[in-house]
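Residue numbers for the sequence shown follow UniProt numbering, so the first one is 1 and each next one is one higher.
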Amino acid sequence: MAQITAALVKELRDRTGAGMGDCKKALEATGGDINAAVEKLRMDGAAKADKKASRTAAEGVLAFAVAADAVAVAELNCETDFVAKGDEFRDLAKRSAEAALKHRPANIEALVQIKDGAETLDETRRAMVGRIGENMTIRRFEVVAKAGGPLVTYMHPGDKIGVIVSMEAGDEVTGKDVAMHIAAMSPRFLDAASFSAEAIEAERRIIEATVAQEQAEAKAESEKLAGVLKEMDAEKQNGVYEGLSEEDRKRWDDDYATIKKKFGGGFKPKPAEILAKMIDGKVKKFIAENTLMGQTFVKSSDQTVEQMLKEKGAKVARFVRFAVGEGIEKQQTDFAAEVMAQAGIKS
């Protein structure tokens with residue numbers, strides 16, 4: 001058995017990044033064989049990663065990798081913003097984007113199996129989980145190719161929102177304006193033609209249900225007001241009104257006038273053709289608000305993005321917008337309850 005010296009422990013730590021205590025234990029368990037200790041630490045890290053895999057990782061960062069013909073963006077998630085700010089974590093995000101750009105994998109499963117040096121990206125991730133103690137996920141990536149015009153990127157401060165815009169025509173300044181608009185306004189699709197039929201139909205069903213609910217509520221409110229007016233009319237007829245003080249009569253008259261005005265002529269259901277036009281209008285508004293071309297341009301409220309681009313002779317071929325953690329349901333933690341549970345105290 002090799003002697004386990006401080007120098008040997010330091011060498012193992014330099015090679016693996018593991019804590020001094022873990023390095024010493026690994027060397028003791030492997031009889032001082034540093035190569036075996038490296039493998040043990042790797043396996044221990046993988047086991048820890050498996051245990052933490054079910055924990056929600058909704059924090060993290062984005063990273064770009066840029067080439068002349070394409071740009072890649074990758075999202076790496078962790079559990080806390082503190083870890084997301086670490087250099088090692090950010091480096092893995094950058095390496096993930098670079099691997100995506102270089103190898104153009106078909107999906108995320110293929111990306112994480114790409115070797116970056118001696119280890120795959122997933123092996124590197126698992127080792128980091130073991131050392132740092134948080135779940136981490138290389139969640140997604142996208143590669144956007146150049147389409148004749150500028151290929152523009154925008155990363156919002158903090159590396160939480162990233163946008164890639166591939167311009168078919170136009171200059172870089174216009175592309176940057178579009179990218180910043182996308183970051184701020186979160187369009188889901190490029191234009192109405194690229195809006196999925198399923199999404200439109202789903203929204204139409206929601207709008208139809210909302211309009212029907214509004215009609216039902218208007219009818220119920222009208223019936224309620226009619227009942228109040230009937231009661232107040234009865235008060236006048238049976239002498240209750242006459243028995244009020246002058247001040248209370250004035251208040252009663254004001255209330256009656258307000259309710260009468262609100263009631264109007266009673267509930268009148270809108271004709272089916274009017275409701276159909278209302279629904280169509282709301283669907284069109286929904287499409288406009290969720291497509292880049294239909295949105296009002298953030299730097300010029302009197303024109304849409306499409307109008308701005310036409311004015312400048314520019315055209316967008318494609319865009320990608322990532323926001324860290326979007327679509328991930330974050331777990332709400334009761335910190336006090338968590339501390340009490342760890343201390344074995346029943347609430």
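Think of the CB as a built atom: it goes at the ideal place given N, C-alpha and C, for glycine as much as any other residue.
All values reported here derive from a predicted model rather than from experimental measurement.
According to DSSP, residue pairing for Asp191 in a beta bridge does not occur. Remark: C-beta atoms of Ala58 and Arg90 do not approach each other more closely than 9 Å. Shown here for Gly148: same chain residues with a beta carbon closer than 6 Å to its own, the five before and five after excluded, namely Glu168 in chain order. In its chain, beyond the 5 residues on either side, Ala72, Ala97, Glu98 and Leu101 have a beta carbon closer than 6 Å to the beta carbon of Ala65. Taken through DSSP and simplified to helix, strand or coil, Arg249 comes out as helix.
Taking Gly266 as the centre and dropping the five residues before and after it, the same chain places the C-beta of Ser222 closer than 6 Å to its C-beta, in chain order.
DSSP places Glu273 within a helical segment (H, G or I) once states are collapsed to three. Spanning the alpha carbons of Ala29 and Ala37 requires a straight line of approximately 8 Å. Rounded to whole angstroms, the gap between the alpha carbons of Phe286 and Leu190 is 14 Å.
The segment 129-137 makes contact with the segment 78-86, as at least three CB pairs between them are under 8 Å.
When secondary structure is reduced to three states using DSSP, Leu229 falls in the helix class.
Taking 9 Å as the cut-off, the beta carbon of Val316 is found no closer than this to the beta carbon of Ser186. Per the C-alpha coordinates, the member of Gly281, Tyr154, Arg321 and Val9 positioned closest to Ile207 is Gly281.
Contact annotation, Glu119 with Pro150: C-beta distance approximately 36 Å; criterion of less than 8 Å not satisfied. Non-local C-beta neighbours of Ile279 in its own chain, meaning closer than 8 Å and more than five positions away in sequence, comprise Arg204, Ile207, Glu208 and Val211, ordered along the chain. Excluding its 5 nearest sequence neighbours in each direction, Ile108 has C-beta neighbours in its own chain below 8 Å: Ile138, Arg139, Arg140 and Phe141, listed in chain order. In the same chain as Glu329, and ignoring 5 residues on each side of it, no C-beta atom comes closer than 6 Å to its own.
In the three-state reduction of the DSSP assignment, Val283 falls in the helix class. Its Cα nearest to that of Lys312, the residue Thr174 stands out among Ala106, Thr174, Glu39 and Ala127. Sequence-distant partners of Glu235 (beyond 5 residues in either direction) whose C-beta falls short of 6 Å from its own C-beta, in its chain, are Tyr241. For Lys94, same chain residues with a beta-carbon under 6 Å away, outside a window of 5 residues either side, are Ala63 in chain order. With fewer than 16 neighbouring CB atoms inside 10 Å of its own CB, Gly239 falls in the exposed class. In this structure, the straight-line span from the alpha carbon of Pro157 to that of Ser300 is close to 23 Å.
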